Amino acid sequence: MKTLINPSQNALIEGLTRPKLEPLDLDPLILKVFSEVRRNGDKALNAWTLQFDGVTIQSLAVSENEFAEAEKLVSEELKTAIRTAARNIERFHRSQENREQEVETTPGVICWRKSVPVQTVGLYVPGGTAPLFSTVLMLGIPAKIAGNPVRYLCTPPDKQGKIHPAILVAAKIAGITLVYKVGGAQAIAAMSLGTETIPKADKLFGPGNQYVTAAKIYAQNLGIAIDLPAGPSEVLVASDGSISASFVAADLLAQAEHGADSHVVFLTDDESYLNSVLSEVERQLEKLPRNNIARTALKSSTAIVSKSENWPEIINYYAPEHVIVMGEYEEFLVDEITNAGSVFIGKNTAESFGDYASGTNHTLPTSGFARAFSGVSLDSFVKKISYQRVSDQGLLKLGQTVITMAEAENLQGHANAVKVRLEAGISGFQSPLNADSRDIKRFIRKDLRNMQPYSSARNEYEGISQVFLDANENPFDSPYNRYPDPKQRKLKKAISALKKIQVEQLFLGNGSDEVLDLILRLTTTPFQDSVAYLNPSYGMYSTLAKINGLRTREINLDERFGVSISEILLQAADSRVLILCNPNNPTGKVISKSGLLEIIQKFEGLVVIDEAYIDFCPEHSLADEVMNYSNLLVVQTLSKAYGMAGLRIGMAIAANEWIRALNRIKPPYNLSTQVQETAISQLKTIPWNTLKAEIIRERERLFDLLRSVPSVIEVFPSEANFILFRIQNASAVYNKLLENGVVVRDRSTQSNCSDTLRVSIGTQEENNKFIQLIQNA
Ligand SMILES: *Cc1c(COP(=O)(O)O)cnc(C)c1O
1 MKTLINPSQN
11 ALIEGLTRPK
21 LEPLDLDPLI
31 LKVFSEVRRN
41 GDKALNAWTL
51 QFDGVTIQSL
61 AVSENEFAEA
71 EKLVSEELKT
81 AIRTAARNIE
91 RFHRSQENRE
101 QEVETTPGVI
111 CWRKSVPVQT
121 VGLYVPGGTA
131 PLFSTVLMLG
141 IPAKIAGNPV
151 RYLCTPPDKQ
161 GKIHPAILVA
171 AKIAGITLVY
181 KVGGAQAIAA
191 MSLGTETIPK
201 ADKLFGPGNQ
211 YVTAAKIYAQ
221 NLGIAIDLPA
231 GPSEVLVASD
241 GSISASFVAA
251 DLLAQAEHGA
261 DSHVVFLTDD
271 ESYLNSVLSE
281 VERQLEKLPR
291 NNIARTALKS
301 STAIVSKSEN
311 WPEIINYYAP
321 EHVIVMGEYE
331 EFLVDEITNA
341 GSVFIGKNTA
351 ESFGDYASGT
361 NHTLPTSGFA
371 RAFSGVSLDS
381 FVKKISYQRV
391 SDQGLLKLGQ
401 TVITMAEAEN
411 LQGHANAVKV
421 RLEAGISGFQ
431 SPLNADSRDI
441 KRFIRKDLRN
451 MQPYSSARNE
461 YEGISQVFLD
471 ANENPFDSPY
481 NRYPDPKQRK
491 LKKAISALKK
501 IQVEQLFLGN
511 GSDEVLDLIL
521 RLTTTPFQDS
531 VAYLNPSYGM
541 YSTLAKINGL
551 RTREINLDER
561 FGVSISEILL
571 QAADSRVLIL
581 CNPNNPTGKV
591 ISKSGLLEII
601 QKFEGLVVID
611 EAYIDFCPEH
621 SLADEVMNYS
631 NLLVVQTLSK
641 AYGMAGLRIG
651 MAIAANEWIR
661 ALNRIKPPYN
671 LSTQVQETAI
681 SQLKTIPWNT
691 LKAEIIRERE
701 RLFDLLRSVP
711 SVIEVFPSEA
721 NFILFRIQNA
731 SAVYNKLLEN
741 GVVVRDRSTQ
751 SNCSDTLRVS
761 IGTQEENNKF
771 IQLIQNA
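Numbered by the UniProt record's numbering, the letters in the sequence shown go through residues 1 to 777 in order.
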């Protein structure tokens, strides 16, 4: 090895220059091979094989018998080793199968990308001095994972016309059943052009000598892709004196024995250590069977002594196929390396691990290509196709942008392609758009989109019968021995009449708390999505978010509990779901209908309006807008205005497709028979409208009374059946009320809610007791 001690810039550049291959003019030969294979197909291959490999091939394809014979010829020990390596390679390459997310770049414009396997891949494994069955694994396993529909191997036969048995065993393990006996440039020509026997490939993989490489480069002109421009193998070992010289020497020799043209660089900061490594190299060389090859390679290789702070620059300049870093600078170097095919870290991590069995791919960029190329991976076997779909909403939102840009580029045709659609579309449906089922689908968690729901016995059997032996119920008659109606038909009908909402747009849950939980489960991906809501607002939102593994975005209200529409949109922008409580609990404040519609139109995710208190101010409800927006769900409850908190009945109101989606994930019998029956009779018999009016009158009375209490700082106008007010020493007042048997809600301990209490509107008598205590507080 050449040694360079603290070399100058120029000496360094010279020392790191890879040995140049004698430039052979291979073009005429390659052209000849390709044109003969094109003209004579298999016959040409056989002729070249006779000339270069000295054997006449009867059949190009390796037969079943030959595979079976190979199994017998390879030792169990080697087979086990191949299987272990194959398993690791498969594990590592499977980890590269990342599915990409769909992205909605503008509301209604959905873009995504998908990996699609290259249809036909041809793998090449050289014969020659060493049977590279490890390369069979490195190429065959990712191809198997990628699922390339046609994948096959070409490799030259020996003098008996056989393929090395380890290559066939490895091929079988890697899932390759088509192996052809042909090597050299003629194999590359056959794969590029196709012959009677060998299929024409779309992409070629595998190492080879100069002829093979020249043929692969030529194949590119024919529109065939190749894995990497292959060159001689190389390693850079960087180590300080703390590592045994024998390790370093062994690593250098492992590379040098590859081929006479291999290139080896050793980098250290200690001259005497360098000398021990060099004498260790000499010692180990003696015992190496391939020491002739290694010796030749070492002649053109370089050992460098340089201060460790220069190492990153040296490594990145050289851009080695393999770099081994050992010793004290390991971590520092790993962070600084920007050009390398593969990095081996630490004293135990011989390059050989990566060459065979750790799982990483050993087909790596050489000759400095590591500056811009990656090694072979699963990605090498697939193409990434991009997809997009523009919905009606997307057309309206993004169309004008496209037209403006196309016209500025003077491409009227491009602009027209959007214009004709916009013009046709606008007469077809006015904005806001009809909630369209495809639009809804995209809000649903991907893995739930096509999930088969659990089908209960009561769901499957719809008719009238006397003998029910289908649901493992107790046959002895009682009001409740049968499971409840999973479709809650009668109750839905009653609610539909009450609320003037179509049955098909109603979903019922065990309280709106369950409805909100199911909506989050249906639409969000745990540990990925976030949900936005106002602060202060209903405390269950943060609890539900946590239960569902979601991050939270709290949109802080100002001192007087107001917030602008643009602030909501800004704060919620990266959330998948925005929950707005309207009127808001605990403030009693409403966001105007036009404000909410603006949010729904501009927000890219799902908007859930929790209208738990809407029955006290029905004019603010968005229930009649649900068919117009695919990203709107309204949640209501019978717990508040309708006096059924104890029955636990909540509901979602949304476009039919949403209701179907929620039904697919709900527990089958989430409302008991008794609850359904009781609610129907309650709705019929209790004069809720009169009671509601009474509550509102009391609220207004209490509002005025509270405002006249001196210690009350502010009373917030409410549209609901509670009032939030700010009072001096709120917690003390709360305790005083409690001592006298009146429980209100102390909100003063919540962030953003200092000195506030929330009082629900009770009966006149209850309210009087409350206000008296407040007045005397
Ligand atoms: C009370 C309340 C609920 C809970 O309603 P249930 O139907 O009883 O579960 C939901 N949202 C808000 C804002 C509430 O105040």
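No residue lacks a Cβ here, since even glycine has one placed at the ideal position from N, Cα and C. Remember, predicted model here, so these are calculated numbers, not experimental data.
Take N474, set aside five residues on each side of it, and the residues of its chain with a beta-carbon closer than 8 Å to its own are N481, in chain order.
Counting only residues whose CB is nearer than 5 Å to a non-hydrogen atom of ligand 1, the list in chain order is G511, S512, D513, Y538, C581, N585, D610, A612, T637, S639 and G650. Beyond the five residues adjoining it in sequence on each side, E567 comes within less than 8 Å, by CB distance, of I555 in the same chain, given in chain order. The alpha helix (DSSP H) runs of length 4 or more contained entirely in the region 619 to 683 are, from start to end of the chain, 656 to 665. Sequence-distant Cβ neighbours of K384 in its own chain, meaning closer than 8 Å and more than five residues away, are R113, K114, S115 and V116. Per the coordinates, the alpha-carbon of I173 lies some 30 Å from the alpha-carbon of W48. K43 counts as exposed, since fewer than 16 other beta carbons sit within 10 angstroms of its beta carbon. By the C-beta density criterion, Y461 is exposed, having fewer than 16 other C-beta atoms within 10 angstroms. Annotation for F92: the continuous alpha helix (DSSP H) segment containing it runs E76 to R94.
It is roughly 18 Å from the alpha-carbon of I82 to the alpha-carbon of A350. The criterion of a C-beta distance shorter than 9 Å is satisfied by E336 and P312. Where G122 is concerned, the enclosing beta strand (DSSP E) starts and stops at T120 to Y124. Nearest Cα to F561 within the set F34, S358 and P583: P583. By alpha-carbon distance to A645, the top candidate from D251, N510, A190 and P289 is N510. Between I614 and D517, the alpha-carbon positions lie close to 20 Å from each other. For K20, the secondary structure class from DSSP, reduced to helix, strand or coil, is coil. Taking the CA atoms as reference points, D202 sits about 21 Å from H93. Taking one beta carbon from each stretch, the region 58 to 71 and the region 213 to 225 have fewer than 3 pairs nearer than 8 Å; the two do not touch. By the neighbour-count criterion, in which a residue is buried when 16 or more other Cβ atoms sit within 10 angstroms of its Cβ, Y273 is buried.
Within the same chain, Cβ atoms closer than 7 Å to the Cβ of G327 are found at S239, D240, S242 and I243, the five residues on either side in sequence being excluded. When the alpha-carbon of T296 is set against those of T673, E104, T404 and D261, the nearest one is in D261. Between the alpha carbons of D25 and G354 lies a distance of about 34 Å. Of the other Cβ atoms in all chains shown, 16 or more fall within 10 Å of the Cβ of S512; this residue is therefore buried. Distance check between L396 and each of V179, L422 and H414 places L422 closest, using alpha-carbon atoms only. When beta bridges are read from the DSSP output, H322 appears opposite V235 and S342.
When the beta-carbon positions are compared, Y180 and V62 come within less than 9 Å of each other. Between the C-alpha atoms of V265 and N221 there is a straight-line separation of about 35 Å. Fewer than three beta-carbon pairs drawn from the region 651 to 660 and the region 718 to 728 are found closer than 8 Å, and the two stretches are therefore not classed as touching.
By the criterion of a C-beta distance shorter than 8 Å, G762 is surrounded in its chain by E698 and F770, once the five residues flanking it on both sides are discounted.
For D610, the enclosing beta strand (DSSP E) begins and ends at L606 to D610.
Short of 6 Å from the beta carbon of N740, and not among the five residues preceding or following it, lie these beta carbons of its own chain, in chain order: L773. In the DSSP annotation of this structure, the continuous segment of the alpha helix (DSSP H) that includes S276 starts and ends at E271 to K287.
Taking one beta carbon from each stretch, the region 532 to 541 and the region 574 to 594 have 3 or more pairs nearer than 8 Å; the two touch. Bounds of any alpha helix (DSSP H) do not take in L60, whose DSSP letter is neither H nor E.
Annotation: the region 473 to 528 contains the following complete segments of the beta strand (DSSP E) (minimum length 3 residues), in chain order: 506 to 510.
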